[in-house]
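Participant: Below is a structure I'd like to ask you about.
2 protein chains.
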Amino acid sequence: MPDSYRRIVLASRPRGAVTPDNFRLETVATPVLQDGELLVRNHYLSLDPYMRGRMSAARSYAASQALDQTMIGGTVGEVVASRHAGFAVGDAVVGVLGWTELAVTDGAQLRKVDADKLPLSAYLGAVGMPGMAAWYGLNRIIKPRAGETIVVSAASGAVGSVVGQLARLQGCRVVGIAGGPAKCRYVIDELGFDACIDYKGGKLEADLAAATSDGVNGIFENVGGVMLDAALARTSAFGRVALCGLIGGFGGADMALHNARLLLINRLTVQGFIVTEHMELWDQGLTELAELVASGQVKYRETVTQGIAAAPEAFIGLLQGFNFGKQLVKLI
Amino acid sequence: MPDSYRRIVLASRPRGAVTPDNFRLETVATPVLQDGELLVRNHYLSLDPYMRGRMSAARSYAASQALDQTMIGGTVGEVVASRHAGFAVGDAVVGVLGWTELAVTDGAQLRKVDADKLPLSAYLGAVGMPGMAAWYGLNRIIKPRAGETIVVSAASGAVGSVVGQLARLQGCRVVGIAGGPAKCRYVIDELGFDACIDYKGGKLEADLAAATSDGVNGIFENVGGVMLDAALARTSAFGRVALCGLIGGFGGADMALHNARLLLINRLTVQGFIVTEHMELWDQGLTELAELVASGQVKYRETVTQGIAAAPEAFIGLLQGFNFGKQLVKLI
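In order, the protein sequences belong to chains A and B. Residue numbering for the first sequence follows the working numbering, starting at 1 and increasing by one per position. Residue numbering for the second sequence follows the working numbering, starting at 1001 and increasing by one per position.
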C-alpha cells in the first residue's frame, strides 16, 4: 500500500477556454480506512465533456465542481483494501471516484464489474455511462423504426459510435458527423455507418443534404450549434431529437438555434436528457451493451493517455476533438 | 338565392410583411348544385396566423395556398340549398370553406354544430380549431400537474386565452404574455390568469422573472423568438414546451433560439404540433370545450370585422396583434 497518491483538483474556473492552470496536481497521504470503507486503486479515469460544465459556476443541472477538491470523473479499478462487508480485495469496481490514483469510499456509488468478460476500460465507455447515454437517447427518445434515417454528431466518439451501431442493428440508415477524414473513414469502415460527413470539410450543410436525400427522422445531438442546425434543416415530419450534449458551446461559440422554426414546421420533438437521472434503466441497458460488445456487434475505440499528470492536457484536447474514440487516462 | 357572391383570392405572395395587394376581391356567379352537393352561406370567417404560412411558397407542413384561388379559412354558416342526403337547408355547419360568402361543397369536411347551445362564432374559436389547439397542446404535450406554473404567450388570443383558463381549471398557476395594458388587464381580470406580462413594456425578461419566481414547468408558445427565449430562461427541470405557433417570425424578425442550451441543462421536452393532425381527439376535446364555454367556465372575446372586403386589412392587423381575442369577419 503506497503511503501517498496523486490527484488533480480544480484550481480555478475557466474564463472561456479551459487552460492547464485551471487544474493543480497534488500528492496527498493515503488515509487509514474506517469501518465500512474500502480503498480503490483506479486503473482508468474517464474524461467526458460534461466535466466542462461542472467547472463553471454557472447554473446547470448539477452542482458546480468545488474549487480545491478532486475533479469529478468516472473511474474503474480494483479494491486494494476493504473494511466493507460488500467488497473484497481484488474486486473490479466502476464508480465516480474522480481524477485520482487512489480513493477511499463507502461503496455507495460503486458497481462491481466482470473483469474477465470485457477489458476494464470498456466499463467506462461502450458498457458504461457513454454507452448508456447512447442507449437511452436512441431507444427512449428517438425510438427508431427500421428504415428510418438517423443523424449522429461526434460520431466517432464514445457516445456517438454506440448510437450509430445500435441504430444500424435496428435497421436504420445512419449518417454520422465527425471531424476529419480519418475519423469519417473509421465511422464508415469500422463502425459500419452508412455515411459520415466531415464537418471540417467546409460544406457541412450541402454534404449532409446529399447524404440524407430521404430526410432525417432522428437526430442524436452531442455538439449543438451549427451541427444541430444542419441536421434540423434535413428533418422530416415528426422527427425526434435526443439532446445529449452541447459541447460546441463551451468555447464561446454561437449556440443559438437558427432553424428553430423547423421544430414547428416539421412537428419535431426535442428532448434533453441526463442519463444519470435514469438509473432504473442501467441494468437493462448495460446488460444489452455488454453482450453486444462481447460478441463484437458493437465496437469501440479508445484514446489512452498515460498518467494522471497528463489528464488536464488530455481533457483540453477532448474539448477540441483531438481524441479519437473514448478518452481515457491510464492511472497504473 | 343570390346569383353571385364575393370571395377573396391570393393575388401574389408576400415579400416580408403581408400587404393589401396580396389579395384580390372577386365577384363570381353562384354555381348550380350537382347531386351530392350543398350550398353554404357563411356567417363568419375565421382569421388565423397559420394563413400567413400558407401564403408563402416556402416549404412548410402544408401545401401553399394556390395563387388566384379562394384563400383558405375556417367558416361557420348555414346550409341554404342541398342536393346532399346528409345535410338539410337550415343546418348550421363548420368547415374550411375559405374567404368567401357562399360555397359549394360535397360536405366531406363539414361538421354540423348546435346553433342553440352556443353562438355560431364560438365554433370558430374556443369550441373550434383554436380551442382544440389549446386543449391538445396543454393536455397532450404539457400535461400539467396542479401547482405547476404555465407560461402562455399571445395570452389574450383565441388559443392562449383557452390554454390559460384550462390550466387554471387544472390547478395551475398561469402567467400570460400579451401586448399592452388593456390586454393584460383582460387576461387577469376576465380570464383569471394569475399574472400577465406586457411585452411592450420593454422589460419582458425581468417582468417574467418576477412573475415566475418558482420557475416555469410548462410553456405554451404561440409567438416564438424573444418570447420563447424569455420563457425558456425561467424553466425548471423537466419542463415541457408545446410549440403551437411562431407568428413572431413572419415579419422577418430574428427567430433564432438563443437559450437552446437550456433545453439540455433543464432536460426540457419541446414538441411542435398541428392540431388538424390529431382529428381523432376533436370529438372529445370539443365536447369538453363546449360544456366549459356553455357553463361560463371558459370565456372568450372576439374582434369582429364587418364584410368580406375588410378581411385583408383585418388579417394584416391580426399579424400585428391589433385584434383583441378571436379575429372574425362577419359575412352577412
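Virtual Cβ for every residue (Gly too), placed ideally from N, Cα, C.
Look at the alpha carbon of Leu1318(B) and the alpha carbon of Lys1143(B), and state the distance between them as a whole number of angstroms.
Facilitator: Distance between the alpha carbons of Leu1318(B) and Lys1143(B): 29 Å.
Participant: Output, in chain order, the set of chain A residues within a Cβ distance shorter than 9 Å of Gly1016(B).
Facilitator: Within 9 Å Cβ-Cβ: nothing; Gly1016(B) doesn't reach chain A, min ~15 Å.
Participant: Give a yes or no on whether the minimum CB-CB distance between Thr986(B) and chain A is below 8 Å.
Facilitator: Because chain B in this structure spans residues 1001 to 1332, residue 986(B) falls outside the shown range and cannot be described.
Participant: With contact counted as at least three CB pairs below 8 Å, one residue from each stretch, are the region 37–49 of chain A and the region 76–93 of chain A in contact?
Facilitator: yes
Participant: Could you check what DSSP says for Asp1283(B) in three-state terms: helix, strand or coil?
Facilitator: helix
Participant: Compare the beta carbon distance of Ile274(A) and Phe220(A) with 8 Å and say whether it is the shorter of the two.
Facilitator: no
Participant: From Ala210(A) to Lys183(A), what does the alpha carbon distance come to, in whole angstroms?
Facilitator: Near 19 Å, if we compare the C-alpha coordinates of Lys183(A) and Ala210(A).
Participant: Under the criterion of a Cβ to heavy atom distance below 7 Å, does Ser1161(B) qualify as lining the ligand GDP?
Facilitator: This structure lacks the ligand GDP, and indeed carries no ligand of any kind.
Participant: In this structure, what does DSSP give as the bridge partners for Leu25(A)?
Facilitator: Ile8(A)
Participant: If you pair each beta-carbon of the region 258–278 of chain A with each one of the region 119–139 of chain A, do three or more pairs fall below 8 Å?
Facilitator: yes
Participant: What does Ala103(A) pair with, by DSSP beta-bridge criteria?
Facilitator: Val40(A)
Participant: Any idea which residues DSSP pairs Ala1092(B) with across the strands?
Facilitator: Glu1078(B)
Participant: Where does Lys330(A) sit, in a helix, a strand or coil, going by DSSP?
Facilitator: strand
Participant: Would the region 1145–1164 of chain B and the region 1116–1123 of chain B be scored as touching if the rule is three or more Cβ pairs under 8 Å?
Facilitator: No contact exists between the region 1145–1164 of chain B and the region 1116–1123 of chain B.
Participant: My output table needs one value for Arg1229(B): the three-state DSSP class, helix, strand or coil.
Facilitator: The amino acid at residue 1229(B) is misidentified as Arg; the sequence shows Asp. Residue state, collapsed to three classes: helix.
Participant: Return the residue from the list Ser1004(B), Arg1015(B), Val1018(B), Glu1026(B) that minimises the CA-CA distance to Ala1309(B).
Facilitator: Glu1026(B)
Participant: For Gly1016(B), name the three-state secondary structure that DSSP assigns.
Facilitator: Here DSSP, grouped into helix, strand and coil, assigns Gly1016(B) to coil.
Participant: Tell me, to the nearest whole angstrom, how far the beta carbon of Val216(A) is from that of Gly239(A); I am working on the premise that it is less than 8 Å.
Facilitator: 6 Å
Participant: Have a look at Asp1283(B) and Val1298(B) and give me their C-alpha separation to the nearest angstrom.
Facilitator: Taking the Cα positions, Asp1283(B) is about 18 Å away from Val1298(B).
Participant: Would you please verify whether the beta carbon of Leu246(A) is less than 8 Å from any beta carbon of chain D?
Facilitator: Absent from the structure: chain D. Protein chains present are A and B.
Participant: Cβ closer than 8 Å: which chain A residues qualify as neighbours of Arg1261(B)?
Facilitator: Gly224, Leu246, Gly249, Met255
Participant: Run down chain A in chain order and give the residues with a C-beta less than 7 Å from the C-beta of His1258(B).
Facilitator: Chain A residues near His1258(B): Ala256.
Participant: Return no unless some Cβ of chain B is closer than 8 Å to the Cβ of Thr102(A).
Facilitator: Note that residue 102(A) corresponds to Leu in the displayed sequence, not to Thr. Not one chain B Cβ lies under 8 Å of Leu102(A).
Participant: Taking 8 Å as the limit between beta carbons, can you name the residues of its chain near Tyr300(A), skipping five residues before and five after?
Facilitator: Ala122, Gly125, Ala126, Ala158, Ser161, Val162, Val293, Gly325, Lys326
Participant: Looking only at its own chain, which residues have a Cβ that is under 8 Å from the Cβ of Leu268(A), when we skip the five neighbours before and after it?
Facilitator: Leu232, Thr235, Phe238, Gly239, Arg240, Val241, Leu262
Participant: Based on Cα-Cα distance, which residue from Ser156(A), Asp189(A), Thr212(A) lies nearest to Arg173(A)?
Facilitator: Thr212(A)
Participant: If you draw a straight line from the alpha carbon of Gly285(A) to that of Asp106(A), how long is it in whole angstroms?
Facilitator: 25 Å
Participant: Taking the alpha carbon of Leu1204(B) as the reference point, which residue from Ala1230(B), Pro1002(B), Trp1099(B) has its own alpha carbon closest?
Facilitator: Ala1230(B)
Participant: What in chain B is Cβ-close to Leu319(A), meaning under 9 Å?
Facilitator: By Cβ distance, chain B contributes nothing, its closest Cβ being about 16 Å from Leu319(A), past 9 Å.
Participant: Taking the beta strand (DSSP E) that Asp198(A) falls in, what are its first and last residues?
Facilitator: 195–198
Participant: CB-CB under 7 Å to Pro226(A), same chain, minus the five flanking residues each way: which ones, in chain order?
Facilitator: Looking at the sequence shown, residue 226(A) is not Pro but Val. Closer than 7 Å at Cβ, skipping near neighbours: Leu204.
Participant: In chain order, what residues of the same chain have a beta carbon less than 6 Å from the beta carbon of Ile1247(B), not counting five sequence neighbours either side?
Facilitator: Excluding residues up to 5 positions away in sequence, Pro1049, Val1223 lie with their Cβ nearer than 6 Å to the Cβ of Ile1247(B) in the same chain.
Participant: Residue range of the beta strand (DSSP E) that Phe238(A) falls in?
Facilitator: 235–243
Participant: According to DSSP, is Gln306(A) part of a helix, a strand, or is it coil?
Facilitator: strand
Participant: What does the Cβ neighbour count give for Pro312(A), buried or exposed, with the cut at 16 atoms within 10 Å?
Facilitator: buried
Participant: For Thr1100(B), does the count of other Cβ atoms within 10 angstroms reach 16, so buried, or fall short, so exposed?
Facilitator: buried
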